[in-house]
Each structure stands twice: as C-alpha cells, then as structure tokens.
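Below you'll find the structure, written out as structure tokens, and then a few comments.
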Amino acid sequence: TNQAPKLAQTGVLGQSKILILELKLIADAGIVGLPNAGKSSLLGALSAAKPRVGAYPFTTLEPALGVIEAANRRWVVADVPGLIEDAHLGKGLGHQFLRHVSRTRVLVHLIDGSAAEPVNNMVKINIELSLYDPLLGQKPQVVVVNKIDLEVVKERIPELKKTFGAAGIGVLFISAATGEGVDALLAELDRVLQAQALCEDESEVIKIYRPEPEKEKVTVTLDTDGWHVQSDEFERLVDG
Numbered sequence: 001t002n003q004a005p006k007l008a009q010t011g012v013l014g015q016s017k018i019l020i021l022e023l024k025l026i027a028d029a030g031i032v033g034l035p036n037a038g039k040s041s042l043l044g045a046l047s048a049a050k051p052r053v054g055a056y057p058f059t060t061l062e063p064a065l066g067v068i069e070a071a072n073r074r075w076v077v078a079d080v081p082g083l084i085e086d087a088h089l090g091k092g093l094g095h096q097f098l099r100h101v102s103r104t105r106v107l108v109h110l111i112d113g114s115a116a117e118p119v120n121n122m123v124k125i126n127i128e129l130s131l132y133d134p135l136l137g138q139k140p141q142v143v144v145v146n147k148i149d150l151e152v153v154k155e156r157i158p159e160l161k162k163t164f165g166a167a168g169i170g171v172l173f174i175s176a177a178t179g180e181g182v183d184a185l186l187a188e189l190d191r192v193l194q195a196q197a198l199c200e201d202e203s204e205v206i207k208i209y210r211p212e213p214e215k216e217k218v219t220v221t222l223d224t225d226g227w228h229v230q231s232d233e234f235e236r237l238v239d240g
C-alpha cells in the first residue's frame, strides 16, 4: 500500500525524552544479613554459583546470582551485599545494596549463630529494611541461623529456638560450610516462593502507560521589524 508515494514531506526535528527504566525483579529470593554472616557460602551451598568467599566483611560488593532446584522447580537466588546499621541513610553503600533487596520477592534472613546477639542482629536488619522502604519490611522472610558446625553455636540452638519461638518466628538452623540443614532450607524456601507466586498471580495488575502527544507549540513575538510566528508545523509547510 502506497509503496511509491507521490507526496513527500520534509522531516522535522522529533521529540526527545530521557527515561530511566529499572527492572524491578532480579531474583526470586535474596539472602540478606550483616556482613560475614555466611551469605556467599550459603549461595554456594544452594546452587552451582561460585561467589567470592572470605573470612572478612564486605567480600561481596555486588549481587551474585545462583539458580536452585527444589521439587522440580527452578528459582533464582541473589546473594545481596551485607547491610549494616544506618544503611537506610546510605552508610556502607546502603542505598545501593537496599535497592537490590527491593528487587526480590522473598528474603532469606541469614544470621550468624556465633554472634554475641543473633536476635538483635536480625532486628537491626529488619529496622533498616523498614526505614528504607516500609514495603521491604513486609516481604516474606525465611529466618536462618548459620554456622551450627561450630560447637558454640550448636550449644545455643535450644536457647535460640526458645527466643525466636517466643517472638512467633520460625527459624531454621544450617551450616553453609558443611551443608547440614540445607535440604530443609530448600524445601521451606520452595514452599514460601510458591505461596508468594500464587498471591502475586491473583493480585497482579498490569499497568499500561500511554503517553499523550504533546500539543503543537506556537510562539508569537513582536520585534522591530514586525510580528514573528514560530511553529514547527508552519516551518514544515514552508520548507515543503
């Protein structure tokens, strides 16, 4: 149709805009916690990913992704760099790290069982999540205590179970180093992710953005030599 048009119009400058587009979801689950809690080790135990692991804080400076398989389903898990107190204020590159957390559906809250106050450490991170974005504090969490391969942590298990239970929080105990308890974590993570996926499917609302075309701008100015009318449409007609 109209393959050899007899009418040609002179082109004019088009509109230009600067848009910032961000892909919100980078992973199904994100592993969060204080630095040196064993997040990278856990990702390595859950998947075939080989994140950088070190016995010092902030070995992870950007998210590392791994694919896990559970009950014949595949999920993407992200090892999110460690968060610290006042992360919501930008401390320790907090804003950058918290943005990664917001792009996951479920959180695996990893706690260092050998820390002086494991429960308080979990509370600190949850406060930072809520202060940055209240919706982050409402994300489903799987709470996990790591490093039960250490004798000092193994001895604390009954005490920690009682403390978390009193707060109404279910907790899993694992060793990312030896793999103990990882299968139970995979099963629980699969259950939570499936439930979350069903909720999202039921409540999903697809937003369609339709930008309205800008109206033709016409400017009229009075100069020493008379009136000047400026319009892209008029210029196109004159050039044609």
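Heads up: the sequence shown begins at 1 in our numbering, then just goes up one per residue. Positions of the beta carbon are idealized from the N, C-alpha and C atoms, including for glycine.
Looking from the CA of L185, the closest CA among R103, A70, R105 belongs to A70. Note that the C-beta distance between A27 and A64 is not below 8 Å. Annotated three-state conformation of Q15 is coil, per DSSP. Going by DSSP, G168 is part of no beta strand (DSSP E) at all; its letter is neither H nor E.
With 16 or more other Cβ atoms inside 10 Å of its own Cβ, D112 counts as buried. Secondary structure at D112: strand, using DSSP grouped into helix, strand and coil.
Taking a cut-off of 8 Å on C-beta distances, the region 28 to 39 does not touch the region 163 to 170, as fewer than three cross pairs fall below it. Per DSSP, the continuous alpha helix (DSSP H) segment holding V119 begins and ends at 118 to 132. In the same chain as I148, and ignoring 5 residues on each side of it, the C-beta atoms closer than 8 Å to its own belong to G113, K154, I157, F173, I174, S175, E180, G181, in chain order. Where G44 is concerned, the enclosing alpha helix (DSSP H) starts and stops at 39 to 46. With respect to the 8 Å criterion, Q196 and R105 are classified as neighbours on the basis of their beta carbons. Contact between W75 and L193 holds: CB atoms are separated by about 6 Å, below the 8 Å threshold. In the DSSP assignment, N146 falls within the beta strand (DSSP E) that extends over 141 to 146. V218 is bridged by DSSP to S231.
For T104, the pairing in a beta bridge is given by DSSP as A27. Of the residues assessed, I125 falls on the buried side of the cut-off, its CB having 16 or more other CB atoms within 10 angstroms.
Straight across, the Cα-Cα distance linking N72 with A187 is about 11 Å. When C-alpha distances from T221 are compared across P213, S231, E212, K215, the shortest belongs to S231. The Cβ-Cβ distance between I169 and V143 falls below 8 Å. Residue burial annotation: Q15 is exposed, with fewer than 16 other C-beta atoms found within 10 angstroms of its C-beta. Contact between L110 and K39 is confirmed by a C-beta separation of about 5 Å, below the 8 Å threshold. Distance between G44 and A115, taken at the CA atoms: about 22 Å.
For I20, no beta strand (DSSP E) encloses it, and the DSSP letter there is neither H nor E. Taking a contact as a CB-CB distance under 8 Å, the pair S41 and I68 does not count as one, their CB atoms being some 14 Å apart. The continuous beta strand (DSSP E) containing G66 extends over residues 64 to 70. Using a 10 angstroms sphere on the CB of N120, the tally of other CB atoms stays under 16, which defines it as exposed.
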